[in-house]
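Just so you know, we're using UniProt numbering here: the sequence shown kicks off at 1 and counts up by one. Glycine residues also receive a C-beta, built at the ideal position from the N, C-alpha and C atoms. Please read these numbers as outputs of a predicted model, since none were measured by experiment. This report concerns only the one structure given below.
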Amino acid sequence: MAALCSHLSALDPAHLKTAPQHVCPECVALGDTWVHLRVCQECGHVGCCDQSKNTHATKHFHATQHPVVSSAERGERWVYCYPDQEFAEY
Numbered sequence: 001m002a003a004l005c006s007h008l009s010a011l012d013p014a015h016l017k018t019a020p021q022h023v024c025p026e027c028v029a030l031g032d033t034w035v036h037l038r039v040c041q042e043c044g045h046v047g048c049c050d051q052s053k054n055t056h057a058t059k060h061f062h063a064t065q066h067p068v069v070s071s072a073e074r075g076e077r078w079v080y081c082y083p084d085q086e087f088a089e090y
């Protein structure tokens, strides 16, 4: 098994940030819908996924360089590192 990138290996799966509500606040403000939600593990920003029209999670990464998001979807336990394009389940 390959070692995780430094961004993912620094995470403690027991202390991942979660979405306080199951909405993309930026999509709500625009009156749009979303497909799935992602949570920034640096600041807790909740944004919609790349399958969504507005791709707010990825836009947040480009604006802030916060490297890791997790899924906010029930039953999904994974993280993704944008700079290293690495995915890990926990």
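Along the UniProt domain "UBP-type" (3-90), the alpha helix (DSSP H) occurs as fully enclosed runs of 4 or more residues at 6-9, 25-30 and 56-64, listed in sequence order.
It is roughly 28 Å from the alpha-carbon of Y90 to the alpha-carbon of E26.
Only residues of its own chain outside the window of five on either side were considered, and among them T18, A19, H22, H36, L37, R38, V39 and V46 have a CB closer than 8 Å to the CB of A72, listed in chain order.
Apart from sequence neighbours up to five positions away, the residues of its chain that approach L8 with a beta-carbon distance below 8 Å are V68, V79, C81, D84, E86 and A88, ordered along the chain. If you ignore the 5 residues before and after W34, its C-beta comes within less than 6 Å of the C-beta of C24, C27, C48 and S52, all in its own chain and listed in chain order.
Put simply, the backbone Cα of A57 is about 25 Å away from that of A3.
Going by C-alpha positions, Q41 is about 11 Å away from P13.
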